[in-house]
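Asks: Protein sequence lines correspond, in order, to chains A and B.
Be aware that the first sequence starts at 1, since it is given in this note's numbering, and climbs by one per residue.
Be aware that the second sequence starts at 1001, since it is given in this note's numbering, and climbs by one per residue.
Idealized CB from N, CA, C, for every residue including glycine.
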Amino acid sequence: MQILVCLKPVPDPKHWSRLGLDPKTKTLIRDGIPNIINPLDKKALEAALQLREKEGGEVITLSMAPPSALSVLREGLAMGADRSILLSDAAFAGSDALATSYIMATAIKKMAHYDLILCGDQTLDGGTSLVSAQIAEFLGIPNLMHVSAIETQGSGAFHIRSQIEHGSMVVEVMPPVVLSVVKEINEPRYITLMDILKAEKKEIEIWSSRDLSLDEPWVGLKGSPSQMVDLLIPEGKRKMEILKGDPPEMAGTLADRLHRLGYC
Amino acid sequence: MVQSKIWVFAEQRNGQLAEVGIELLGKALELARPAGWKVASVLAGQSLSGPCERLLSFGADEVFVADHPLLCSYCSQSYAKVLDNLIREHHPEVFLLGATAMGSDLGARLAARLRTGLSAHCIDLELSAEKKLLSVVPGWGGNVLARIYSPFTKPQMATVMPGVFDMPREGNGRGRVIPLDVHLTPADVTYQVLEINRRAVKENGLEKAEVVIAGGAGIGSKVDWQLVEGLSSALKGAVGGTRPPVDENWAKEDQMIGQSGRTIHPKLYIGVGISGQMHHMVGIKGADLIVAINQDPQAPIFELCDLGLVGDFKEILPLLIRAIQDYKA
Chain A
1 MQILVCLKPV PDPKHWSRLG LDPKTKTLIR DGIPNIINPL DKKALEAALQ
51 LREKEGGEVI TLSMAPPSAL SVLREGLAMG ADRSILLSDA AFAGSDALAT
101 SYIMATAIKK MAHYDLILCG DQTLDGGTSL VSAQIAEFLG IPNLMHVSAI
151 ETQGSGAFHI RSQIEHGSMV VEVMPPVVLS VVKEINEPRY ITLMDILKAE
201 KKEIEIWSSR DLSLDEPWVG LKGSPSQMVD LLIPEGKRKM EILKGDPPEM
251 AGTLADRLHR LGYC
Chain B
1001 MVQSKIWVFA EQRNGQLAEV GIELLGKALE LARPAGWKVA SVLAGQSLSG
1051 PCERLLSFGA DEVFVADHPL LCSYCSQSYA KVLDNLIREH HPEVFLLGAT
1101 AMGSDLGARL AARLRTGLSA HCIDLELSAE KKLLSVVPGW GGNVLARIYS
1151 PFTKPQMATV MPGVFDMPRE GNGRGRVIPL DVHLTPADVT YQVLEINRRA
1201 VKENGLEKAE VVIAGGAGIG SKVDWQLVEG LSSALKGAVG GTRPPVDENW
1251 AKEDQMIGQS GRTIHPKLYI GVGISGQMHH MVGIKGADLI VAINQDPQAP
1301 IFELCDLGLV GDFKEILPLL IRAIQDYKA
């Protein structure tokens, strides 16, 4: 089974207080902030590795990021991916979900064969949850979101459990298919020092726009229909009164106010 | 002649309309009025006369009905094909969907097919004087709110969180029904639904509660979560929380308040050990009085509350509960 896993390097949430916004381009300034693999993408990779253990085949990770993301891709290889492809080009900068999906799908079309494309259901940073369905649309294949279990059938079909409001559904689908996974699907494996050393020998290919047959108006900032208008400062409509004193005094004052308002 | 410029996807399963599709119809009518626009609901499925009547009664000017056996179960490719054809024929300015399992999936695929922008998981919508749809979304871990738009492509699309807009009032519908010719073959349905399991939705009273006590990551343990529940029972309130207590199994999934949980409108909200990330705060903006208890004087919630107590909840809550009980006694 040939499985592609989309891995997105995202700014480590521990350092989010250092994120800034470029006032002119209204894009995020993330200089110097370390990246991690988006946590749900790591679960997508774990699901892929488990399927490979059962069915055989190959697991390839696919990312679109600046070259600084290479260390993050090494982590995917250490977890057990066979090889890694990084889509990296200055022309890709500023791509929104639609342009990103288009670039990713164009890269996937270059591959001779694939059965499954796995993604995380949501990323920590943008969090639009658009990319998996949009990759599927550009490839003209089915997709399912909110996936919590993947089962292979003797017939070659997959049985997929997908979460819906207040429950779940099970769907039968034939490959190739794009699936985006939720946190309930698995716990990603730990990596050992040995895994890290082994990953050093694995290959990371870098593809630029010249390696892909892209239509230029559809990539980068220009190919991105969504734009930020502005950031809203939460309105200071609230009274913001801070009580003074030690815990007994504060508790007493609050109880007194609640009493006067009729709550006790 | 189709007149509507704002279209709302009226999600339904087995003839049961999702409330978010009706909430969005209400909001769309409100946005459309100053612009002189009309609003259509778009229904897809099988045997839709009941849902269609309801949408008319909630004020839809037009209701498109795609009724076909192959639309019986939702499948993204068959639904996207029908809606794509309809949108290309009539060119609506705005197309809205609920940010549900179905709406998020369908919206993403349609936006790619139409090569237009979609703002996902919105918590508010505005229509500018230039008739651009401005969508408010929490971003970057919920620390900020951003307004997003797609000024150059049509339709302008958004998926909106359930519960952020009120249900419109029901009345005598004067809108018209537009049945659609659906051209689908079995090959358009690219997966088969084998089973659907849905829990009965338990009403835990959060949405209707007058008093809500919510806990956050700062509570730290299941044992200390009992203090949150204790305060709630002293004030006869309902208990809610942010994402971490649900992840830690101190609280249940359906107790989560905020962008990916419930939207509440209590008279009194007390947040304990909650830092005040936008993901949570958008769910409580309808509260009359917001009280925050947190150890960290820098916590953003202190700028978004009416009354703040800086201190250790483990000390404050037992004292507070006792004082409340003393008043009652």
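Compare the C-alpha of Pro1244/B against each of His1265/B, His1279/B, Gly1216/B and name the closest.
Replies: Translated into positions along the second sequence, residue 1244/B becomes position 244. Pro1244/B has its Cα closest to that of Gly1216/B, out of His1265/B, His1279/B, Gly1216/B.
Asks: Cβ of His166/A less than 9 Å from any chain B Cβ?
Replies: Position 166 of the first sequence holds residue 166/A. It does; some Cβ of chain B falls within 9 Å.
Asks: Beta strand (DSSP E) containing Phe138/A: first to last residue?
Replies: The residue you call residue 138/A lines up with position 138 of the first sequence. Segment 131-139 is the alpha helix (DSSP H) holding Phe138/A; no beta strand (DSSP E) there.
Asks: Smallest Cα separation from Glu1093/B: which of Ser1049/B, Tyr1149/B, Pro1179/B?
Replies: Counting from 1 along the second sequence, the entry for residue 1093/B is found at position 93. Nearest of Ser1049/B, Tyr1149/B, Pro1179/B to Glu1093/B, Cα basis: Tyr1149/B.
Asks: Whose C-beta lies closer than 6 Å to the C-beta of Gly80/A among residues of the same chain, with five residues either side of it excluded?
Replies: Working through the first sequence from its first residue, we reach residue 80/A at position 80. So the list reads Leu49, once near-sequence residues are dropped.
Asks: Please confirm if the segment 250-258 of chain A is in contact with the segment 1302-1322 of chain B, defined as three or more CB-CB distances below 8 Å between the two stretches.
Replies: A contact exists between the segment 250-258 of chain A and the segment 1302-1322 of chain B.
Asks: For Gln1077/B, decide whether its Cβ has a neighbour in chain A, counting only Cβ atoms nearer than 9 Å.
Replies: Translated into positions along the second sequence, residue 1077/B becomes position 77. Judged by the 9 Å Cβ criterion, Gln1077/B is in contact with chain A.
Asks: So that I know if they touch, is there some Cβ in chain A lying closer than 9 Å to that of Ser1057/B?
Replies: For this step, residue 1057/B is matched to residue 57 along the second sequence. Chain A contact via Cβ: absent.
Asks: Pick out whichever of Asp82/A, Leu86/A, Val178/A has its Cα sitting closest to the Cα of Ser63/A.
Replies: Taking the first residue of the first sequence as 1, we reach residue 63/A at position 63. Minimum Cα distance to Ser63/A is reached at Leu86/A.
Asks: Counting only beta-carbon atoms, is Phe1152/B nearer than 9 Å to chain A?
Replies: On the second sequence, residue 1152/B is found 152 positions in, with the first residue counted as 1. At least one chain A Cβ lies under 9 Å of Phe1152/B.
Asks: Taking a Cβ distance cut-off of 9 Å, strictly less, list which residues of the segment 134-146 of chain A are near chain B, in chain order.
Replies: Cβ contacts with chain B: Gln134, Ile135, Ala136, Glu137, Phe138, Gly140, Ile141, Pro142, Asn143, Leu144, Met145, His146.
Asks: Using a Cβ-Cβ cutoff of less than 6 Å, which residues in the same chain neighbour Leu1227/B once the five nearest sequence positions on both sides are dropped?
Replies: The count along the second sequence starts at 1 and reaches residue 1227/B at position 227. Within the same chain, Leu1227/B has close Cβ partners Leu1317.
Asks: Going along the segment 1108-1122 of chain B in order, which residues come within less than 9 Å of chain A, judged by CB to CB distance?
Replies: For the segment 1108-1122 of chain B, which is checked against every Cβ of chain A, the residues closer than 9 Å are Ala1108, Arg1109, Leu1110, Ala1111, Ala1112, Arg1113, Arg1115, Thr1116, Gly1117, Leu1118, Ser1119, Ala1120, His1121.
Asks: Output, in chain order, the set of chain E residues within a Cβ distance shorter than 9 Å of Asn1204/B.
Replies: You won't find chain E in this structure, because its protein chains are A and B.
Asks: Val5/A touches chain B at which residues, Cβ-Cβ below 7 Å?
Replies: Walking along the first sequence from the start, residue 5/A turns up at place 5. Within 7 Å Cβ-Cβ: nothing; Val5/A doesn't reach chain B, min ~19 Å.
Asks: Give the straight-line distance between the Cα atoms of Thr192/A and Glu1315/B, rounded to the nearest whole angstrom.
Replies: As a first step, residue 192/A is located in the first sequence; it is residue number 192 there, counting from the start. As a first step, residue 1315/B is located in the second sequence; it is residue number 315 there, counting from the start. Approximately 43 Å between the Cα atoms of the pair.
Asks: Whose Cβ in chain A lies nearer than 7 Å to the Cβ of Ser1104/B?
Replies: Within the second sequence, the letter at position 104 stands for residue 1104/B. Going along chain A in sequence order, the residues near Ser1104/B (Cβ under 7 Å) are Ser129, Met145.
Asks: Write down the C-beta distance between Leu1125/B and Leu1031/B rounded to the nearest angstrom, noting that I regard them as a contact closer than 8 Å.
Replies: One-based indexing of the second sequence puts residue 1125/B at position 125. One-based indexing of the second sequence puts residue 1031/B at position 31. Contact holds; Cβ gap of about 7 Å.
Asks: If you measure between the beta carbons of Thr61/A and His1121/B, is that distance less than 9 Å?
Replies: For the purposes of this step, residue 61/A is identified with residue 61 of the first sequence, where counting begins at 1. For the purposes of this step, residue 1121/B is identified with residue 121 of the second sequence, where counting begins at 1. No, the pair does not count as a contact, with Cβ atoms beyond the cut-off.
Asks: Looking at the secondary structure, which residues open and close the beta strand (DSSP E) in which Glu1062/B lies?
Replies: Locating residue 1062/B in the second sequence gives position 62, where the first residue counts as 1. Its beta strand (DSSP E) spans residues 1062-1067.
Asks: Distance cutoff 9 Å, beta carbons only. Does Val181/A sit that close to anything in chain B?
Replies: Within the first sequence, residue 181/A is the residue found at index 181, counting from 1. For Val181/A, the answer is no, since every Cβ of chain B falls outside 9 Å of its Cβ.
Asks: Using a C-beta cutoff of 9 Å, does Val72/A count as contacting chain B?
Replies: By one-based count along the first sequence, residue 72/A stands at place 72. Not one chain B Cβ lies under 9 Å of Val72/A.
Asks: Residues in its own chain within less than 8 Å of Leu212/A by CB, not counting five upstream and five downstream?
Replies: On the first sequence, position 212 is the one that residue 212/A refers to. Excluding residues within five positions, the ones whose Cβ falls inside 8 Å are Leu87, Ile103, Thr106, Ala107, Lys110.
Asks: Cβ-heavy atom distance between Val173/A and the ligand NAD below 8 Å?
Replies: Absence of the ligand NAD is noted for the structure shown, with no ligands found whatsoever.
Asks: Assuming Ile164/A is part of the beta strand (DSSP E), what are its boundary residues?
Replies: Translated into the one-based positions of the first sequence, residue 164/A becomes position 164. Run containing Ile164/A: 158-164, per the beta strand (DSSP E) assignment.
Asks: What are the residues that DSSP puts in a beta bridge with Asn35/A?
Replies: Residue mapping note: residue 35/A aligns to position 35 of the first sequence, counting from 1. According to DSSP, which records beta bridges pairwise, Asn35/A is partnered with Pro11/A.
Asks: On the DSSP bridge list, what partners appear for Ile1196/B?
Replies: Taking the first residue of the second sequence as 1, we reach residue 1196/B at position 196. Paired residues: Met169/A.
Asks: Here's a check: name, in chain order, each residue in its chain whose Cβ is nearer than 6 Å to the Cβ of Gln1295/B, leaving out the five neighbours to either side.
Replies: On the second sequence, residue 1295/B is found 295 positions in, with the first residue counted as 1. Asp1312.
Asks: On the DSSP letters alone, give me the boundaries of the beta strand (DSSP E) that Glu151/A sits inside.
Replies: For the purposes of this step, residue 151/A is taken as the residue at position 151 of the first sequence. Taken as a continuous stretch (DSSP letters only), the beta strand (DSSP E) holding Glu151/A covers 143-152.
Asks: Check the Cβ-Cβ distances between Met250/A and every residue of chain B, and say whether any is below 9 Å.
Replies: Locating residue 250/A in the first sequence gives position 250, where the first residue counts as 1. Closer than 9 Å to some Cβ of chain B, the Cβ of Met250/A qualifies, so yes.
Asks: In the DSSP assignment, the alpha helix (DSSP H) including Glu1089/B goes from what residue to what residue?
Replies: Residue 1089/B sits at position 89 when you count from the first residue of the second sequence. Its alpha helix (DSSP H) spans residues 1076-1090.
Asks: So for Glu184/A, helix, strand or coil by DSSP?
Replies: In the first sequence, residue 184/A corresponds to position 184, counting from 1. In the structure shown, Glu184/A sits in a helix (DSSP, three-state: H, G or I).
Asks: Would a C-beta distance cut-off of 9 Å place Ser180/A and Ala149/A closer than the cut-off?
Replies: By 1-based counting over the first sequence, the position of residue 180/A is 180. By 1-based counting over the first sequence, the position of residue 149/A is 149. Contact flag unset, no.
Asks: By the DSSP assignment, the alpha helix (DSSP H) with Leu4/A in it spans what residues?
Replies: Locating residue 4/A in the first sequence gives position 4, counting from the first residue. Leu4/A -> not in any alpha helix (DSSP H); beta strand (DSSP E) instead, spanning 2-6.
Asks: Which whole-angstrom value describes the C-beta separation of Ser1047/B and Ala1060/B, a residue pair presumed to lie in contact below a C-beta threshold of 8 Å?
Replies: Your numbering for residue 1047/B matches position 47 in the second sequence. Your numbering for residue 1060/B matches position 60 in the second sequence. Not confirmed; about 19 Å, so no contact.
Asks: For the candidate residues Leu243/A, Leu77/A, Pro39/A, whose alpha-carbon lies nearest to that of Ile196/A?
Replies: If you number the first sequence from 1, residue 196/A lands on position 196. Comparing Cα positions, the closest option is Leu77/A.
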